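Note sheet for the following structure.
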Amino acid sequence: MFKRVLIANRGEIACRVIRACRKLGIESVAVYSEPDRDSLHVKMAAVSICIGPAEASRSYLHIPSIVSAAEIANVDAIHPGYGFLSENSHFADICRSLDIAFVGPSSEAMAKMSDKAGARELAKTSGVPVLPGSDGVVPDDEAGLKVARQIGFPVIVKASAGGGGRGIRVAHNEAALRIAMSSARAEAEAAFGDGSLYIEKFLARPRHVEVQVLCDGQGAVIHLGERDCTAQRRHQKLIEESPSPAADRSARRALGEAAVKLCKAAGYANAGTVEFLFEDGRFYFMEMNTRIQVEHPVTEMVTGLDLVEEQFRIAAGEPLRWRQKDIRQNGHAMEFRINAEDPDRRFAPNPGVVSLFVPPELAGVRTDSFIYSGYRIPPYYDSLIAKLIVHADNRHNCIELAKQAFRDLILEGVKTTVPFHLKMLDTIDFATSQFDINYVDKLYG
Ligand code: MV4
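As numbered in our numbering, residues 34 to 478 make up the sequence shown, in order.
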């Protein structure tokens, strides 16, 4: 196992990774930007190194600063967390050339999956269901129109270099498709420096269901069941749960098998997530995330595995410690993202001083956070300040436990998404899970 690891991240995930380091007897090295000097991850780590000013491009995203800190601290691995450099194949490549283990997949597997049109092709040729659409990227607008005429409208145009919902457009006819392609291309060119587009048949009311995988890079690939992330607003997930209330046993099994198939075809290693659109009992590959995800705790609570611990073990060259038959999904778990945002002001960021923070202390409830009473939330980064994760024997009891956990939670000083969650927990739509990815956008505009 590694002796010393640098955590190239901040916030709750940096704290979460440091906890896994402690469990494994690994010395942790935190990096932080100037406004993050009072952050919990800085206090928790054995060693902390300032890597630059507030702007992420000059700190958490600045590869020379991160690599310098890693060299100075003499670490043998870097854990990238999520966001920032976590899906940057160039960064993973630099780590390898410096003989520092990157806690994640190879740069080649990352690059394969960051090319969304290529990932779709790989899924298709591996026998993983995809929606009708283009074979890879469309070379020009005429080719795009030809694909749309073949598969029929409505279609969705996606940036091959995209992610997080940028560079996507829906078109219901040919004239709209011409406009959609030119605006998606311009947006993708500006955001990613790559205007490549691909096209798919558009699903109007899907759910978002994703499968957690673990691969040891020595041929063993297992899945840890699915998470349902349908409760989202503008591509920001708000509530995630496992298992998915929409999937029956046969769909669950098929989803898991599809995810494993794709990982084997990609030569994938470490933890990953295969995302699907799910509608009327059928599912279609969407994309693969090559990082640990925000919502990984719901899978941990249901399966009993520690995913960050497994990431470290795999990166250190250990073989997987479980076979598929050892994995069970026990009970039901939900994660509620607590963001410093005002739900009454269309979820506008609401940073400030947390005057009081007392997390609930209940059996089956976990709080992953980096805030504390008196902490000033800096305005420069993601608004996620805490995650409330609840686990019970079934979905009904999970909802009841969540309500109790929110009653016990004390979080004062800043507006948060807590009132949104309380409202959702009281709706029949949520209780019966009768909704799709458009639900929150429709409610809140
Ligand atoms: C889709 C889709 C409907 N049909 N593809 C959004 C971001 C990118 N990751 C893929 N996305 C979608 N792809 C087809 N063929 C709808 C979305 C989509 C979406 C997907 C998951 C969760 C939230 C979403 C919100 C809007 C659109």
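By construction, the Cβ of each residue, glycine as well, lies at the ideal position given by its N, Cα and C atoms. In this text the structure is predicted, and so the values were computed from the model without any measurement.
Go ahead and pull the three-state DSSP assignment for residue i.
i: S90; result: helix
i: E368; result: strand
i: E120; result: coil
i: F453; result: helix
i: G151; result: helix
i: R440; result: helix
i: K420; result: strand
i: M334; result: helix
i: A373; result: coil
i: F186; result: coil
i: V38; result: strand
i: D339; result: coil
i: F225; result: helix
i: H241; result: strand
i: H256; result: strand
i: H95; result: coil
i: T306; result: strand
i: D313; result: coil
i: L271; result: strand
i: E394; result: coil
i: Q357; result: helix
i: S481; result: It is not possible to answer for residue 481, since the shown part of the chain is limited to 34 through 478.
i: L247; result: strand
i: N206; result: coil
i: F135; result: strand
i: A425; result: strand
i: T465; result: helix
i: S140; result: helix
i: A264; result: strand
i: L236; result: coil
I think residue i touches residue j, with their Cβ atoms under 8 Å apart; what is that distance to the nearest whole Å?
i: V307; j: V244; result: 5 Å
i: P376; j: L442; result: So it is not a contact: roughly 16 Å between Cβ atoms.
i: H365; j: E433; result: Not a contact, Cβ separation roughly 11 Å.
i: Y43; j: S72; result: Per the sequence shown, residue 43 should be read as Arg rather than Tyr. That belief holds up - the Cβ atoms of R43 and S72 are roughly 6 Å apart, short of 8 Å.
i: Q357; j: I255; result: 5 Å
i: S90; j: S98; result: Not a contact, Cβ separation roughly 10 Å.
i: E368; j: I422; result: 5 Å
Apply the 10 Å Cβ neighbour rule to residue i and answer buried if 16 or more other Cβ atoms are within range, or exposed otherwise.
i: S388; result: exposed
i: P276; result: buried
i: Y65; result: buried
i: I212; result: exposed
i: I2; result: Outside the displayed range of the chain (34 to 478) lies residue 2, so it cannot be described from this structure.
i: G337; result: exposed
i: I105; result: exposed
i: T400; result: buried
i: V341; result: buried
i: D261; result: buried
i: N121; result: buried
i: H123; result: exposed
i: P239; result: buried
i: A142; result: buried
i: G198; result: exposed
i: D426; result: exposed
i: V386; result: exposed
i: P352; result: exposed
How about residue i and residue j: are their beta carbons less than 8 Å apart?
i: I418; j: G114; result: no
i: H112; j: A63; result: no
i: A302; j: G250; result: yes
i: R286; j: G258; result: no
i: Q437; j: L395; result: yes
i: A181; j: P411; result: no
i: T450; j: E374; result: yes
i: A110; j: V38; result: yes
i: M457; j: A264; result: yes
i: K234; j: G166; result: yes
i: K420; j: R370; result: yes
i: A1; j: A348; result: For residue 1 there is no data in the structure shown, the boundaries of the chain being 34 and 478.
i: N372; j: S416; result: yes
i: V473; j: R153; result: no
i: L295; j: A156; result: yes
i: Y405; j: F390; result: yes
i: A217; j: I232; result: no
i: S466; j: A279; result: yes
i: I96; j: I127; result: yes
i: E312; j: K149; result: no
For residue i, decide whether its Cβ has a neighbour in chain D, counting only Cβ atoms nearer than 8 Å.
i: A224; result: The chain inventory of the structure shown lacks chain D, comprising one protein chain alone.
With three or more beta-carbon pairs closer than 8 Å as the criterion, would you say the stretch 219-227 touches the stretch 305-320? no
Answer yes if the stretch 224-240 comes into contact with the stretch 191-202, meaning at least three C-beta pairs across the two stretches below 8 Å, and no otherwise. yes
Would you check if there are 3 or more beta carbon pairs closer than 8 Å linking the stretch 307-317 to the stretch 171-185? no
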